[in-house]
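Right, one structure below, let's go through it.
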Amino acid sequence: MPASSTDPLDELRLMWIFTGPDGEDIGLTLSRFAEALTAREPEPFTSAWDDPADGAAEDTTMSFSITLDGQPIEGIASTDNEGASIQDATVAEAVEFAAWMRDELVSGGKTLTANTRQGMEDELPDIPVTGRTDDQLFEDFAEHARTVA
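Quick note: the sequence shown uses the numbering used here, first residue 3, plus one each step.
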């Protein structure tokens, strides 16, 4: 699944964003996210906060750290935008995160999609995550990364 050792994708790090298609509900809550992260990581870092600008009475956003492909990666999960993002992640790390979200956090027939910040700015279509194998995700994520690189 990983690219060859001479593939420039090994070094390319992007901000990957995971949401429901067109903002659809994926059933994400910060407590479920933190529980799934704790089950995966022995001592996860999480920090939840609310956004005073939106008048939220409860936490709506959480920063976190997760180990992907052996590397610590920082991210943000939000119930406002129903999704999560990871920063400075390779294609392999993004696939690992997408598969984890798909398997642990998205249920009940909900759909998860992925894109990058650059892909969104360039108006590239979202990549479906739900119903895909990890190998299919890797190929699609790699093609996306090559497009935005």
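All residues carry an ideal CB built from backbone N, CA and C; glycine is no exception.
Could you tell me which uninterrupted alpha helix (DSSP H) segments, each at least 4 residues in length, are contained entirely in the region 69-144, listed from first to last along the chain?
Segments of the alpha helix (DSSP H) lying fully in the region 69-144: 93-106, 119-123.
Taking just the CA atoms, how far does GLN120 sit from GLU37?
Walking along the sequence shown from the start, residue 37 turns up at place 35. Walking along the sequence shown from the start, residue 120 turns up at place 118. Going by the C-alpha atoms only, they are around 30 Å apart.
Round the Cβ separation of LEU237 and ALA147 to the nearest angstrom and send it over; I've been treating them as touching at under 8 Å.
Only positions 3 to 151 of the chain appear in the structure, and residue 237 is not among them; the question remains open.
Would you kindly work out how many angstroms separate the C-alpha atoms of MET64 and THR21, rounded to a whole number?
One-based indexing of the sequence shown puts residue 64 at position 62. One-based indexing of the sequence shown puts residue 21 at position 19. Looking at the two C-alpha atoms, the distance is approximately 15 Å.
From the DSSP output, in three-state form, read off GLY29 for me.
One-based indexing of the sequence shown puts residue 29 at position 27. Reduced to three states, the DSSP call for GLY29 is coil.
Would you mind stating whether THR113 and THR132 have Cβ atoms separated by less than 9 Å?
If you number the sequence shown from 1, residue 113 lands on position 111. If you number the sequence shown from 1, residue 132 lands on position 130. Yes, Cβ-Cβ distance for THR113 and THR132 is below 9 Å.
So, does the CB of THR81 fall closer than 9 Å to a CB anywhere in chain B?
Of the chains in the structure shown, none is chain B; there is only one protein chain.
From which residue to which residue does the beta strand (DSSP E) around LEU16 run?
Taking the first residue of the sequence shown as 1, we reach residue 16 at position 14. Per DSSP, the unbroken beta strand (DSSP E) holding LEU16 starts and ends at 16-21.
Please state if the CB of LEU70 and the CB of GLU95 are separated by a distance shorter than 9 Å.
Counting from 1 along the sequence shown, the entry for residue 95 is found at position 93. Counting from 1 along the sequence shown, the entry for residue 70 is found at position 68. Between GLU95 and LEU70, the C-beta gap is smaller than 9 Å, which places the two residues in contact.
Pull up the CB-CB distance for ILE78 and SER87, whole angstroms please, since I reckon it's below 8 Å.
Mapped onto the sequence shown, residue 78 falls at position 76. Mapped onto the sequence shown, residue 87 falls at position 85. Yes, ILE78 and SER87 are in contact; Cβ-Cβ is about 5 Å, under 8 Å.
Close-in-space but distant-in-sequence residues of the same chain around ASP142 (CB under 6 Å, 5 per side omitted)
Here residue 142 refers to the residue found at position 140 when the sequence shown is read from its first residue. ILE129, listed in sequence order.
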